[in-house]
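Numbering (my numbering), first residue to last: 3 to 198. Below is one structure, written out as structure tokens; comments come after it.
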DNA sequence: CCTTCGATGGGCT
DNA sequence: GCCCATCGAAGGA
């Protein structure tokens, strides 16, 4: 399959709209060993200064979060325990919002995805943010890269049938933010992550 | 199917 | 020294 990076203007949308429109697009990694691609089926929006669950809550700017203040479409990777998580920076420059890519469906390079994920069943290759990054072999080296440029980019995909919207998962000690409807997924897809 | 729990390392105060 | 935007194994039903 032949994938082309989406145009940079795609990322210049209100963050909640972009989070929804990323569903059904492809994440593509032109890896030295071959092309790996997954269809995005789950995202979460982090709304910056007013969102207690966001790393940039209160406009906190550190070496880790500074990329969130940059232009839409930049890659924000960060480490959670032993895992890498992939985000799309969103919103105008100076507004530190981002979208976490939480799950994907294998589309291309499945031999490599299996190699990077080890000896587990296909349905568990990329049904979580850390798993997806590992299946694509995306590392912290891509911090600050842009999602419209090779070798790691978003490509236009087929879209999804129906969207489901609900509260984000895995966050805690964030008060009301726990209930915000900032999680978007393809309704009924078997590889949407199942965390509480 | 479900829930619980330990490993784990970087970021931040 | 504490806090996680996680994962996978283990154990129960």
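All C-beta atoms in this analysis are idealised placements derived from N, C-alpha and C, irrespective of residue type, glycine included. Quick caveat, the model's predicted, so the values are computed rather than measured.
Open item on the list: Using CA atoms only, rank isn't needed, just tell me which of 120, 54, 34 and 133 is closest to residue 84.
Closed with: 133
Open item on the list: Residues in the same chain with beta-carbon distance under 8 Å from residue 165, minus the five sequence neighbours each way, listed in chain order, please.
Closed with: For residue 165, where only same-chain residues beyond five positions count, the Cβ hits under 8 Å are 22, 25, 186, 187, 188 and 189.
Open item on the list: By DSSP's criteria, residue 163 is part of a beta bridge. Which residues make up the other side?
Closed with: Residue 163 is not bridged to any residue.
Task: Uninterrupted alpha helix (DSSP H) stretches inside the region 83–124 (no shorter than 4 residues) - done: 112–119
TODO: Spatial neighbours of residue 161 within its chain, please: CB distance less than 7 Å, with the 5 preceding and 5 following residues excluded, ordered by chain position.
DONE: Counting only Cβ-Cβ distances below 7 Å, and skipping sequence neighbours, we find 26.
TODO: Under 7 Å Cβ to Cβ from residue 61, same chain only, skipping five residues before and after it: list those, please.
DONE: 51 and 98
TODO: Compare the C-alpha of residue 172 against each of 163, 102, 128 and 192 and name the closest.
DONE: 102
TODO: Could you spell out the range, first to last residue, of the beta strand (DSSP E) harbouring residue 25?
DONE: Run containing residue 25: none; DSSP gives neither H nor E here.
- [ ] Specify the secondary structure class of residue 148 as computed by DSSP and reduced to three states.
- [x] strand
- [ ] Would you mind giving the Cβ-Cβ distance between residue 109 and residue 8, rounded to the nearest angstrom? I have them listed as a contact below 8 Å.
- [x] Not a contact, Cβ separation roughly 15 Å.
- [ ] Determine, using beta carbons only, whether residue 193 and residue 128 come nearer to each other than 8 Å.
- [x] Yes, these two residues count as a Cβ contact at 8 Å.
Open item on the list: I need the boundaries of the beta strand (DSSP E) containing residue 154, first residue and last residue.
Closed with: First-last of the beta strand (DSSP E) with residue 154: 154–157.
TODO: May I have the straight-line CA-CA distance separating residue 78 from residue 145, to the nearest angstrom?
DONE: 5 Å
Open item on the list: So the candidates are 158, 37, 29 and 114; which of them puts its Cα closest to the Cα of residue 90?
Closed with: Looking at 158, 37, 29 and 114, the one whose alpha-carbon comes closest to that of residue 90 is 29.
Task: residue 142, buried or exposed, once every other Cβ within 10 Å from all chains shown has been counted against 16 - done: exposed
- [ ] Look at the alpha carbon of residue 113 and the alpha carbon of residue 136, and state the distance between them as a whole number of angstroms.
- [x] 13 Å
Open item on the list: Short of 6 Å in beta carbon distance, which residues of its chain neighbour residue 15, apart from the five on each side in sequence? Order them along the chain.
Closed with: none
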